[in-house]
Every structure is written in structure tokens, then in C-alpha cells.
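Numbering (the working numbering), first residue to last: 924 to 1404. Just so it is clear, CB atoms sit at the ideal spot from N, CA and C, and this is done for glycine as well. These figures come from a predicted structure and were not determined experimentally. Written out below as C-alpha cells is the structure these notes cover.
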Amino acid sequence: MSAWETVKLAIVRRRLLANRIPEDSVYPLETWMAIKAVMTAKSERELRNIIGKKEQGEITRTDLNEYQLFRVREQLRYVKQNSPHYRDRLKDIVPDDIRTLDDLGKIPFTYPSDLADEPMLFMAVSRTKTAREFTTTGTTGKRKVIGYTTSDLISKIDIISSALKSIGMRGDDVLHIMFPAISAWDPSLMLAGACRVAGYGSSTCSSADITEQMDIMKKSGATHIIGLPSFIYRVTALMGSETDLKGIGIRKIISTSEPLSESMRRKLQDAWGCNVLDVWGMTEFGLACAIECDYQKGLHTDEANLLFEIVDPDTGKRVPDGKQGELVVTALTAEATPLIRYRTRDIAAMIAPPCGCGAKFNRKLVKPSGRMDLQFKVGMGYKIFPLLFDEAIFNNKDAVDYQVTITKEGFKDVLTFEVESKDRSDEAKASIIDSVSKIMEIEDGIRDDLIDVPRVRFIDIGAMEYSAKARKIIDLRGNFS
Ligand SMILES: [Zn+2]
């Protein structure tokens, strides 16, 4: 490391609140949010007048709500001044009028299409001040561009470091980062950076070759793994019989960037002998937005930087904690591309505190069942999330990966599954057909004679080249989808 890099590292470390979390903290991620609220109250009179002078241990849900509402008002002032899109869009909104959570309903939504149409109008800083830009494609195919200033990146590193502390990483631990073949956004860089400033070791392998992955993981002395569940699953299924995975000593696996089905989670936990924790995030908000604790009942959300609401997708009205709806997120601290009440298209619910892990005030996100855009219709218009197929297929212990093609024969939808499996017996085939047929929507369709009994064809292991963004569902029904 050059002298300049050492200095930069020291500066970043000092700015991280993650390094101020006391060792005896019950749930470090929540403590980190409390520290953020306390620090803000110290420097901002407006918030101090509302919640008073408090210590980190005294922060309650009510205080955090006030912290978030204060941040919303600040952010509204900021975007009205700096973001051309919001200057126009929010011209009738008076930030000081936003005093309660119900007042949030006065602020108009931002839709993914708004961002895709004119991403540059959202930018609240000049492009010379953005340290990085990430692009993501929407359903329309247009690219959404998300900018990050240095301060945005540091705050991401801060939350990631706190989250790693929360899953139990300490001094000598090493995080093995497994993201094969991802190009648009490289989460490995951010994760390796977070490990570095937090003082943990990390090893990164972006190869899709599983032997290489295992070698690098073992050599680095990895204690924790983060990566795409479909890929970790592939490594597990293919190496499992010849390697004692439990013997490697992995203490926690973090599953990110793809939905994690419960059947896959169970199999990974059994094989590695440790908990598998789910993460939720989206490029628009810097990926690391929520993470599970060992209690595994919902994901703890980053409420220092983000405000989560659930709304009825049709009426746009806010729904209470515990009820399902569309997840709407407001960035509370973003500088470059601050998004206000962004409709994520994800179906989710929020759970009110406390949590079995000991967290007192943090609201949790119930794992989104999938993005609304990814739903497809079968039979009598039943909507299905691809995750349900994961759940059914990976219930069969020898299935490694699959792809499904949907065609139409007469009035019937025909689902043909191509499954990579170690067991290709008739019993294995019958068991896969049985578990897919038991998905409620499929079962109803078969009964109503609108869906044919699912078909299964086994293919060689490795026949489908692993790719992170492989389309698992190929719909050949033309305009019917
Ligand atoms: Zn918890």
C-alpha cells in the first residue's frame, strides 16, 4: 500500500461509525443506527429540539421516526435545490410540512420509468463530483444511471462494515466473495473495500469454475462467504459428495443479489453446517439495504440511510406494518442520485420491532417474494413468481440447476423443465413433477385443464453454462405473457 493509500484508509476509517460500535452491542447494526441518530441530533439543532440529548442506548422507535422525518425534510430541501427533476416535480411541496409518517403521503412517488427516461435530471451534483456511476436496465430496456459521490460510497462501506460485524465477523476473520461473471456492477470491489477498512480479510474469486473457487476459499482461510445463492448452491451440489464442506469451518453464508428460496437455504445450511442469511438490495440504493439476523424472521433494514414504506400498488396508500404491498424507498442521505418515494416494484411487508435477536427499534423487511415485473401468468391468469419454481425444484436433493420453457398447446400452457440433476431416475423425475404440480397456481391450472402436467427433461450437469443473469424462464407463448 502506498503512503497516500494508507492516509486515505485512515481518513475513511475515522469517518466510519461502524468502528464506534461497542463490543458488547446486542445487535451491532441497530446500534450503528442509534449512533447515527445521536450524532445527527448533536450537530443538528432541529432534531435535537425534538428528541433531546440522548445516548445511543436510549434511542427508541419514536426517536428513529423523528430522525427519519428530519432527514426527509433535509433531503427535500436538498433535492428541490439541486436536482432538476425534483425542483420541478416537488415545486408545491413544503419540506416543513412533513411532520408525521402520514405526511409522507403528500409527497409524489418516483417511478422507475421516470429514472430510466431522464437519469441525468435526477443528479444533484455535477458529474465531476460523482466518484462512480452504475447503470441498471429497467423493464423498458432503457438504462438507469445511478451516481455515487465519495461520501455516498463511504456511507455504503459503513453500513456493510456494520452488517459484517452483525453477522459475527471479528478481527482475523476472512470473507470469501463469490460473484462469478458480473460486469455491470461489481459488488466485490465494495465488499473487499468494506473488509479492508473494517480490518477483516477478504478473498475474491470471480471464476465460474467451482474447483478454483474452492481452492481459493480454502487457501484464504475463509470463515464467511458472500455470493449469489444459485452459484453457492451449484458449488455445494457439485463438490458436496467429494469434499467435507462442514470441515472448512465456514461460520456464516450471506446470500445476495438473487431471491433465496427456503428449500435452497435448508440444503445449504445442512451442507455447510452454518446459517445462511439473506440480503436485500437494489442498485438504485447501493445494493446493501437489508440483512437477516440469526433469528431468520425478516431482514433488518438500514434505517439510517433509507426510509421504507409499503403501499397498496393500486391506490398508492400506505399500509400498516405486517401487511403486504409494494415496497417504496426514500434515500435519506444520498448526494448524487437521491431518490424520493421510489416505487421498487417489489412485493414485501414490514415487521414492527422488537426482534428475537435483541434488536429493539429496527423495522424488518419480510423477504420480497419477487419483483412484480418478473411475475408471469399461467392458466387462468394466475400470477407466478419464479422463486416458487426454485422452491419446488431445489426440494429435490440432486437438482443442481434448471430452466423452464413455457409453450402453448391448444388452450393449455405447457411447462417443460430442463433440469441438471445427479439423479436421473424415473423416481427423481416423478418427484420433480410432483413438487412443481403442488405449487398452488399450477395445481389449480391443472385441475381446470388450462395447464398440462409439467414435463421434465434431464440434461448433463454443466450443460447449462452458469451465468449470473441466466433467464430461467423462457416464455414462447408470444403475446400471451
Ligand atoms: Zn433480528
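- Burial state of residue 1303 is exposed, judged by a 10 Å Cβ sphere holding fewer than 16 other Cβ atoms.
- The beta carbon of residue 1280 sits closer than 7 Å to at least one heavy atom of ligand 1.
- Assignment of residue 1212 by DSSP, reduced to helix, strand and coil, places it in the coil class.
- Here the C-alpha atom of residue 1282 lies approximately 17 Å from the C-alpha atom of residue 1202.
- A contact is defined here as three or more CB-CB pairs under 8 Å, and the region 1313 to 1325 meets this definition with respect to the region 1341 to 1355.
- Looking at 932, 1036, 1361, 1397, the one whose alpha-carbon comes closest to that of residue 1115 is 932.
- Residue state for residue 1267 is assigned as strand, using DSSP reduced to three classes.
- Annotation: the continuous alpha helix (DSSP H) that includes residue 1114 extends over 1110 to 1121.
- Setting aside the 5 residues that flank it on each side, residue 1004 has no residue in the same chain whose C-beta is closer than 7 Å to its C-beta.
- Going by DSSP, residue 1005 is part of the alpha helix (DSSP H) stretching over 984 to 1005.
- In terms of side-chain proximity, the C-beta atom of residue 1212 is found no nearer than 7 Å to any non-hydrogen atom of ligand 1.
- In the displayed model, residue 939 falls within coil according to three-state DSSP, outside both helix and strand.
- A direct Cα-Cα distance of roughly 31 Å separates residue 1077 from residue 1156.
- Relative to the non-hydrogen atoms of ligand 1, the Cβ of residue 1216 comes within a distance shorter than 7 Å of at least one.
- Between residue 1284 and residue 987, the beta carbon gap of about 5 Å places them in contact (Cβ cut-off 8 Å).
- As DSSP reads the structure, residue 1071 sits in a beta bridge with 1055.
- Distances from the CB of residue 1001 to the heavy atoms of ligand 1 are all 7 Å or more.
- Not one heavy atom of ligand 1 lies closer than 7 Å to the C-beta of residue 1147.
- Distance from the Cα of residue 1200 is smallest, within the candidate group 1038, 1208, 1149, for 1149.
- Sequence-distant partners of residue 1188 (beyond 5 residues in either direction) whose C-beta falls short of 7 Å from its own C-beta, in its chain, are 1199.
- Counting only the Cα atoms, residue 1030 lies some 9 Å from residue 1021.
- Residue pairing by DSSP places residue 1273 opposite 1288 in a beta bridge.
- If you check the CB distance, residue 1368 and residue 1305 come in under 8 Å.
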